[in-house]
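Novice: Sharing a structure here in structure tokens format.
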Amino acid sequence: MEMSRREFMTSVAAGAAGMAAMGGTAFGQTAGASKDEIVVAMIGSGVQGRVLLNDCINIPGVRFKAICDIWPFAQRYAGNTLRRAGQQVEIYEDYREMLEKEKDLNAVIVASPDFVHAEHTIACLQAGLHVYCEKEMADSLESARTMVLAARESGRLCQIGHQRRSNPVYQQALQMVQKDEICGRVTACYGQWNRSVQPRLTWPERFVIPDETLQRFGFDSMDHFRNWRWFRRYSSGPIADLGSHQISVFSWFLGANPTMLTAMGGSDYFPDREWYEDVMAMYEYQTAKGSARMFYQVINTNGFGNYFERFKGDKGTLVISESLQQSYYVPEGDYEIPDWLAQVERTQRGGMSVIPLGAAIAARNAEGAAVMQAIDQKTIHQRHLENFFEAVRANNPAHLTCPPDLAYSMAVPVLNVIKAVGSNEKLQFTEADYKI
Ligand SMILES: NC(=O)c1ccc[n+]([C@@H]2O[C@H](COP(=O)([O-])OP(=O)(O)OC[C@H]3O[C@@H](n4cnc5c(N)ncnc54)[C@H](O)[C@@H]3O)[C@@H](O)[C@H]2O)c1
15 MEMSRREFMT
25 SVAAGAAGMA
35 AMGGTAFGQT
45 AGASKDEIVV
55 AMIGSGVQGR
65 VLLNDCINIP
75 GVRFKAICDI
85 WPFAQRYAGN
95 TLRRAGQQVE
105 IYEDYREMLE
115 KEKDLNAVIV
125 ASPDFVHAEH
135 TIACLQAGLH
145 VYCEKEMADS
155 LESARTMVLA
165 ARESGRLCQI
175 GHQRRSNPVY
185 QQALQMVQKD
195 EICGRVTACY
205 GQWNRSVQPR
215 LTWPERFVIP
225 DETLQRFGFD
235 SMDHFRNWRW
245 FRRYSSGPIA
255 DLGSHQISVF
265 SWFLGANPTM
275 LTAMGGSDYF
285 PDREWYEDVM
295 AMYEYQTAKG
305 SARMFYQVIN
315 TNGFGNYFER
325 FKGDKGTLVI
335 SESLQQSYYV
345 PEGDYEIPDW
355 LAQVERTQRG
365 GMSVIPLGAA
375 IAARNAEGAA
385 VMQAIDQKTI
395 HQRHLENFFE
405 AVRANNPAHL
415 TCPPDLAYSM
425 AVPVLNVIKA
435 VGSNEKLQFT
445 EADYKI
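Numbering (the numbering used here), first residue to last: 15 to 450.
So this is what it looks like as structure tokens:
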């Protein structure tokens, strides 16, 4: 189903008008709540849910009203954290009961495993709530598509948790690559997420979930429940878990989606896990300046070099990572770098003289200086959550840095890696493949 931007804005406006007619604000102000307060619930308060929860506690005007998790351990952890922050919450095991009983919510944060993202997100949107859903938006493109359509039909806002989109370091570096052209014409890119071997996750004996409950929520066993990332029915494996953070950064910076993909993967290092532990993928792009190629790898058997994205052009190389210490720029050969960049003090790295990215951003202009001055004040996830809450307050989907249509286009080259590995074929894409 095609819906133009205009139709979408009209449907959002209609939603807002409906809320106003019911006596609420555009984001559904609740009785007794302060004017700008956003009342939220969380579905899935596991490791990442707790990261988001702690960040939300630091965001003024955001108050939790409910937590839903099927694991008493996670329920208790989240409930205690919020209580210490002065927020009383109702605890639920089943999100359907939560949506039935909690009538004054404005938004829900979904941080459950990938295979239930679509179910949880769509149910919340259909209940009239705005949704922040973690990446990978779904475990298949078919499910991701249903989320995009549900968001459009609901007129509610939906942000997908690709936090690099709200990261000011990435936003500034994008300007340096696209406007300042510090890399010149980018022809070759490389990205990696390397991790040492990680043991299987376990659980405290007193927090075993009964089989009947596990099965009701789609899990085969307690081991699968804890290690869902490694099994095909709950996730799309490490390429989606880790690659989803990085592969789309190349499309973003190159200003073009991949036109070609080929990949290989291994699944024999861990005989008791299903997904490819090591995956290597190659992409081709047709950019405004010409073709470019990218090699990406996710490795779960050796952590050397951690994670970063690298852009190589005829004027220089930019290495960027969520870890600022790993981010730097190296000019190519005799390329005369602009004055503002030449002033930056260089550091030594692996026998090379490099320009640290943070210092380069600070030297670029007043905006860059302000960005770097404030960089330690917030976490990367807090900024992405803030972008979501600001958009909800303004009832402005255009303010979101990662709406579902964009997240779908970001998922296409990631989830297709599985098809490329399985079929051993070179896959080709047109722009139509990135749109719904
Ligand atoms: N953006 C990031 O940097 C980032 C980092 C890590 C994880 N994530 C994403 O966050 C999500 C959660 O990952 P995690 O590491 O926290 O996993 P986790 O296993 O630690 O947490 C998942 C939680 O969901 C709960 N749960 C499972 N099924 C449920 C259901 N039907 N209803 C309610 N709760 C349910 C589990 O009990 C658990 O507490 C995943 O989608 C993952 O990809 C994002």
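We put the CB at the ideal spot given by N, CA and C, even for glycine.
Going by C-alpha distance, which of I57, N68, L119, N120 is nearest V130?
Specialist: I57
Novice: Which of the three DSSP states, helix, strand or coil, is assigned to Y184?
Specialist: helix
Novice: Three or more C-beta pairs closer than 8 Å, one from the segment 403–416 and one from the segment 176–189: is that the case here?
Specialist: yes
Novice: Does DSSP put Y106 in a helix, a strand or coil?
Specialist: strand
Novice: What residues in its chain sit with their C-beta under 6 Å from that of A27, if we drop five residues either side in the sequence?
Specialist: Because A27 sits at a pLDDT of 37, beneath the cut-off of 50, its placement in the model cannot be relied upon, and the following sentence gives the value as read from the coordinates. Result list for A27: empty, nothing under 6 Å.
Novice: Is A40 helix, strand or coil when you go by DSSP?
Specialist: In this predicted model, A40 has a pLDDT of only 47, less than 50, meaning its place in the structure is not dependable; the value taken from the coordinates is given anyway. The answer is coil: DSSP assigns A40 none of H, G, I, E or B.
Novice: Within 7 Å: the Cβ of W354 and any heavy atom of ligand 1?
Specialist: Checking every heavy atom of ligand 1 against the Cβ of W354, none is found closer than 7 Å.
Novice: Are the CB atoms of C203 and M308 nearer to each other than 8 Å?
Specialist: yes
Novice: Quick check for students: name the residue ranges of the beta strand (DSSP E) that lie wholly in the segment 348–411, counting only runs of 3 or more.
Specialist: For secondary structure counted as the beta strand (DSSP E) over 3 or more consecutive residues, the segment 348–411 holds these complete runs in sequence order: 361–363, 366–370.
Novice: Under 8 Å by Cβ, that's how I've got I71 and A99 pegged, so tell me the actual separation to the nearest angstrom.
Specialist: 5 Å
Novice: Checking the sheet assignment: what are the DSSP bridge partners for F309?
Specialist: Y204, M296
Novice: If I follow the unbroken beta strand (DSSP E) through K449, where does it start and stop?
Specialist: Careful: K449 lies outside any beta strand (DSSP E) and carries neither H nor E.
Novice: Hey, A137 and G63 are a contact pair by Cβ (cut 8 Å); roughly how many whole angstroms apart?
Specialist: Contact between A137 and G63 fails: their C-beta atoms lie close to 17 Å from each other, not under 8 Å.
Novice: What's the call for E323, buried or exposed, on a 16-neighbour Cβ count within 10 Å?
Specialist: buried
Novice: In the DSSP assignment, find the unbroken beta strand (DSSP E) run with F78 in it and report its ends.
Specialist: 76–82
Novice: Following the continuous alpha helix (DSSP H) through I71, name the residue where it begins and the one where it ends.
Specialist: 61–71
Novice: Verify the contact flag: V174, CB atom, against every heavy atom of ligand 1, threshold strictly below 7 Å.
Specialist: Here the sequence assigns Ile to residue 174, which means Val is not the residue at that position. No, the beta carbon of I174 sits no closer than 7 Å to any heavy atom of ligand 1.
Novice: Just to confirm, is the Cβ distance from M366 to V344 under 8 Å?
Specialist: yes
Novice: Does ligand 1 have even one heavy atom less than 7 Å from the beta-carbon of F402?
Specialist: no
Novice: Going along the chain, which residues of its own chain have a beta-carbon closer than 8 Å to the beta-carbon of F87, five neighbours each way excluded?
Specialist: W217, P218, F221
Novice: What is the rounded straight-line gap between the Cα of L268 and the Cα of P411?
Specialist: 24 Å
Novice: Can you say whether F318 is buried or exposed, counting buried as having 16 or more other CB atoms within 10 angstroms of its CB?
Specialist: A residue is called buried once 16 or more other Cβ atoms fall within 10 Å of its Cβ, and F318, having fewer, is exposed.
Novice: Identify the residues that DSSP records as bridge partners of F239: which are they?
Specialist: In the DSSP assignment, F239 is bridged to no other residue.
Novice: For P206, count the other beta carbons within 10 Å of its own beta carbon; 16 or more makes it buried, fewer makes it exposed. Which is it?
Specialist: Residue identity differs from the one stated: residue 206 is Gln in this sequence, not Pro. Label assigned to Q206: buried.
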